[in-house]
Amino acid sequence: MNTLNRAALACLPLLLAACGGGEAPSAGAEAAASHEQAAALAVPAVPAGRYVLKNVQSAKCVDAVPPGSDGGAFVQTPCSGAATQAFDLTVQAGGSHKLVAVGTGRVMDLAASSTADGALIHQWTNNDTSAQRFVLQRSQGNRFALVNAGSGKCVAIDGGSLNDGAGLRQAGCSASGAQQFLLYPVSTSGRGVLAIGRYALKAVHSGLCIDVENGALDNGAKTAQAACSAGDRQQFEVQPAAEGTYSFVNVNSGKGLDVSDISLDNGALIQQWAYGGGANQRFVVSDDAGALRIAARHSGRCVDVSGVSTLPGARIHQWDCLGAANQRWTPLPAGDTPPPPTGIWVGTWGASPQGGNTSFNQQTLRQIVHTSVGGAAARVHLSNVFGNQPVTVANVHIAQRASGSAVVAASDRAVSFGGQATVVIPAGGEAVSDSVDFNVAALSDVAISFYLPNATTVTTEHQTGLQTNYVAAGNVSGNATINPSATSGSYRLLTNLDVSNGSLRGSVATLGASITDGVGTNFDANQRWPNVLANRLNAAGIGVGVLNQGISGNSSLRDGAGPSAENRFDRDVLGQAGVKWVIYSDDPINDLRGNPQPTLEQLLGPLQRMIAKAHARQVKFLCSTLTPYSDSVWTPSQETTRQAYNDFVKSSASGCDGVIDQDLATRDPANPARMLPANDTGDHLHPNTAGNAAIANAVNLNLFTLP
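Residues 0 to 706 in numbering that gives the first Met the number 0 are what the sequence shown lists, from first letter to last.
Listed below in structure tokens is the structure:
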């Protein structure tokens with residue numbers, strides 16, 4: 000075993016009091032219990048504690064109606080965090096539970112100890128009878144039925160109602176969602192974001208699940224990501240722990256997820272160890288754009304897939320919480336685990352999100368994306384990251400485009416999200432689809448269609464799409480031909496298309512502003528320099544996806560046309576599927592043209608910080624020189640700083656892993672401060688189609704073949 004770090008050693012004397020109780024989980028012979036011993040110590044399915052009960056069917060919470068008199072009602076109301084929605088559960092004889100309403104002090108009780116269907120479930124003074132004991136019976140990974148110990152019947156929302164104020168009655172037990180409840184632990188810091196139960200944990204960026212390597216039973220067995228399966232080695236019993244944290248105990252081994260050596264350092268591996276309740280075995284779980292962020296209690300660092308890898312076998316470790324997709328986890332309740340993808344996930348198309356304001360109502364959007372690489376399966380990313388209200392998206396389809404708004408009917412496939420045809424994207428969140436069996440061809444047009452069933456103001460879009468997209472009335476996503484009522488040159492909600500293809504090397508994100516975004520090239524022509532780069536890579540047989548992450552008007556120093564390059568780096572670069580390289584392009588030009596003009600040192604700050612972030616994730620950072628410009632705001636001072644920036648990125652001190660000399664590729668040899676007229680759109684700022692080709696041709700393809 001590695002030597003414990005200094006901070007961990009300092010913590011050991013205080014471990015029982017300050018680090019969550021129990022023995023140091025990664026040290027000492029007593030921790031090396033056998034698999035059978037660990038399993039015997041496993042916590043019950045529902046340990047004693049304080050919980051909120053949320054009905055699966057209605058998504059409303061059980062509420063004790065005050066005042067707490069005998070016979071008072073239990074009803075469902077919108078979940079609010081009120082004390083009347085909290086229950087103290089105590090374990091009774093035989094493994095049953097007593098449920099005491101925190102807000103009223105009364106006990107959940109079956110009226111008159113009845114055995115009849117429809118008998119009322121109400122509040123009553125504690126009398127320790129079987130009418131007040133309930134067996135919390137797991138029906139699925141995180142769903143529980145409340146079975147009365149006296150009658151053997153289940154607590155249900157009256158009539159299966161979805162309405163506020165519907166009461167509780169007993170009924171013969173069934174699989175109805177009206178009888179299924181999610182149990183959220185409550186602590187002094189509030190209601191937990193994850194219901195207790197049995198889950199697999201799927202990485203948002205890769206679609207792969209945390210797996211105990213080789214299904215090992217031993218202390219110290221490491222974790223890695225692997226194709227999701229229903230196997231116990233990927234299943235974890237998630238239970239409340241001290242200080243509002245959670246524990247994750249592997250179903251196969253009976254051992255808890257654990258940060259090795261109680262380390263505080265980036266890169267410390269996540270392993271399994273006999274669970275003792277130490278702070279390195281307890282995790283703070285928070286919502287992160289509809290997924291989960293899982294941070295070790297002792298270090299504050301996040302559970303993270305090393306290197307932002309999309310490959311099976313990549314280690315799971317802890318790292319500074321950056322909000323990247325390889326630190327965001329989708330909990331898959333046991334029984335909901337999807338089939339494994341056919342290979343690794345690599346981005347084939349992308350468009351960086353920014354703010355917008357476009358209204359739709361009962362309309363279908365059909366949006367056309369041009370791929371860079373192919374694969375045997377696909378998944379779709381939808382984003383509401385700039386929204387302040389949830390957005391409901393239904394009937395998502397993917398198909399090969401025939402021409403215009405028409406698709407090849409035989410290629411059409413429905414796309415699901417968590418097995419459902421409809422997905423609600425939370426405000427500030429995103430949704431990643433399930434894997435769909437759809438053959439994606441490289442350098443082809445793919446149509447992604449979806450229906451917006453409600454009056455919706457879409458505030459997340461990519462404005463400069465340079466592609467004709469279509470809007471049609473009604474729910475026509477699955478139709479081969481539609482009758483568009485409007486067209487648009489922007490992408491709404493749609494941000495990424497990934498493919499599954501084990502032969503690919505990875506993806507390159509091209510981070511920049513309007514030049515990268517293609518301003519100056521022709522509409523519907525895919526002539527942006529990242530498109531031309533994708534053409535070159537394909538012709539050379541180099542399997543690298545190209546993801547255009549340019550935003551017109553973007554800069555490196557300030558938010559405006561989207562977050563600044565630095566502020567969106569984690570999401571738009573490190574969060575991309577299969578990213579192994581980034582080409583940083585033209586953002587600093589917009590800074591130079593601003594007022595006040597930044598200094599060279601100010602321009603280099605974001606560059607150097609992004610390089611450090613990329614290198615920490617084993618992503619190669621390829622720098623670009625800045626193209627010349629001579630528009631109406633040009634000044635000699637700007638030119639001096641531009642040339643100094645270019646000199647720096649070409650120097651050995653830059654930290655760049657390679658350089659694309661866009662300046663040399665586009666400038667006029669007779670006047671290097673100006674763009675060659677043959678490359679100039681005429682605005683003396685943006686390169687035209689020929690200029691974009693010149694930039695793409697300046698990229699050394701060997702940068703993508705070197706180890």
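Even for Gly, the Cβ is constructed at its ideal location relative to N, Cα and C.
Buried versus exposed call for residue i [16 or more other C-beta atoms within 10 Å across all chains shown]
{"i": "D585", "result": "buried"}
{"i": "E460", "result": "buried"}
{"i": "N356", "result": "exposed"}
{"i": "S57", "result": "buried"}
{"i": "E35", "result": "With a pLDDT of 31 at E35, under the threshold of 50, the modelled position of this residue cannot be trusted; read the value that follows with caution. Exposed is the call here."}
{"i": "Q617", "result": "exposed"}
{"i": "F522", "result": "exposed"}
{"i": "N482", "result": "exposed"}
{"i": "I694", "result": "buried"}
{"i": "P352", "result": "buried"}
{"i": "N54", "result": "buried"}
{"i": "V284", "result": "buried"}
{"i": "A652", "result": "exposed"}
{"i": "I582", "result": "buried"}
{"i": "G70", "result": "exposed"}
{"i": "S554", "result": "buried"}
{"i": "P635", "result": "exposed"}
{"i": "G690", "result": "buried"}
Which of helix, strand or coil DSSP assigns to residue i
{"i": "P676", "result": "helix"}
{"i": "I514", "result": "helix"}
{"i": "D303", "result": "strand"}
{"i": "A524", "result": "coil"}
{"i": "I156", "result": "strand"}
{"i": "G189", "result": "strand"}
{"i": "Q131", "result": "helix"}
{"i": "S443", "result": "coil"}
{"i": "N691", "result": "helix"}
{"i": "F568", "result": "helix"}
{"i": "A241", "result": "helix"}
{"i": "P529", "result": "helix"}
{"i": "S382", "result": "strand"}
{"i": "T455", "result": "strand"}
{"i": "Q361", "result": "coil"}
{"i": "D667", "result": "strand"}
{"i": "N356", "result": "strand"}
{"i": "A223", "result": "strand"}
{"i": "G214", "result": "helix"}
{"i": "A39", "result": "Note that A39 scores 31 on pLDDT, short of 50, meaning its location in the model is unreliable; the coordinates nonetheless yield the value given after this. Helix."}
{"i": "L291", "result": "strand"}
{"i": "A560", "result": "coil"}
{"i": "Q661", "result": "helix"}
Inter-residue CB distance, residue i and residue j (contact presumed, cutoff 8 Å)
{"i": "L193", "j": "P330", "result": "6 Å"}
{"i": "N279", "j": "V258", "result": "4 Å"}
{"i": "E565", "j": "R608", "result": "6 Å"}
{"i": "V757", "j": "A446", "result": "Look at the range of the chain in this structure, 0 to 706, and you will see that residue 757 is not part of it."}
{"i": "F703", "j": "R527", "result": "In fact, because the Cβ distance is near 18 Å, the residues do not count as touching under 8 Å."}
{"i": "A148", "j": "S173", "result": "With a Cβ gap of about 19 Å, A148 and S173 do not count as contacting."}
Candidates the options, of which the one nearest residue i by Cα
{"i": "L451", "options": "M674, D163, L700 and V395", "result": "V395"}
{"i": "S382", "options": "G349, V435 and Q362", "result": "G349"}
{"i": "A165", "options": "P77, A538 and G464", "result": "P77"}
{"i": "E638", "options": "L606, P597 and S434", "result": "P597"}
{"i": "V372", "options": "C301, V498 and G276", "result": "V498"}
{"i": "V518", "options": "S551, E429, G542 and G501", "result": "S551"}
{"i": "P311", "options": "T222, V384, G473 and D217", "result": "T222"}
{"i": "V248", "options": "S262, N218, N691 and S228", "result": "N218"}
{"i": "L364", "options": "F385, I397, A333 and G386", "result": "I397"}
{"i": "D433", "options": "H204, V61, R673 and V698", "result": "H204"}
{"i": "S487", "options": "R132, T463 and T626", "result": "T463"}
{"i": "A72", "options": "V51, V101, M107 and A420", "result": "M107"}
{"i": "R673", "options": "F180, P627 and D558", "result": "P627"}
{"i": "S228", "options": "F620, P332 and A220", "result": "P332"}
{"i": "G549", "options": "R557, A538, V543 and R567", "result": "R567"}
{"i": "G266", "options": "A290, A313, Q317 and D287", "result": "Q317"}
Residue-chain proximity (residue i, chain C), Cβ-Cβ < 7 Å
{"i": "D260", "result": "Given the protein chain composition of this structure (a single chain), no chain C is represented."}
Can you list the beta strand (DSSP E) stretches of 3 or more residues lying completely in the region 400 to 436, in chain order? Those beta strand (DSSP E) runs which fall completely within the region 400 to 436 and span 3+ residues are 412 to 414, 421 to 424 and 429 to 431.
Ordered list of alpha helix (DSSP H) runs contained in the region 44 to 118, each at least 4 residues: Qualifying alpha helix (DSSP H) stretches: none in this window.
Jot down the residue ranges of each uninterrupted alpha helix (DSSP H) in the region 571 to 659, minimum 4 residues, whole runs only, in chain order. Qualifying alpha helix (DSSP H) stretches, in chain order: 586 to 591, 599 to 615 and 635 to 648.
Runs of 3 residues minimum, wholly inside the region 137 to 182: which ones carry the beta strand (DSSP E) assignment? 142 to 147, 153 to 156 and 167 to 170, all fully within the region 137 to 182.
List, from N- to C-terminal side, the beta strand (DSSP E) runs of 3 residues or more that fit wholly inside the region 251 to 287. Listed in chain order, they are 255 to 258, 269 to 272 and 282 to 287.
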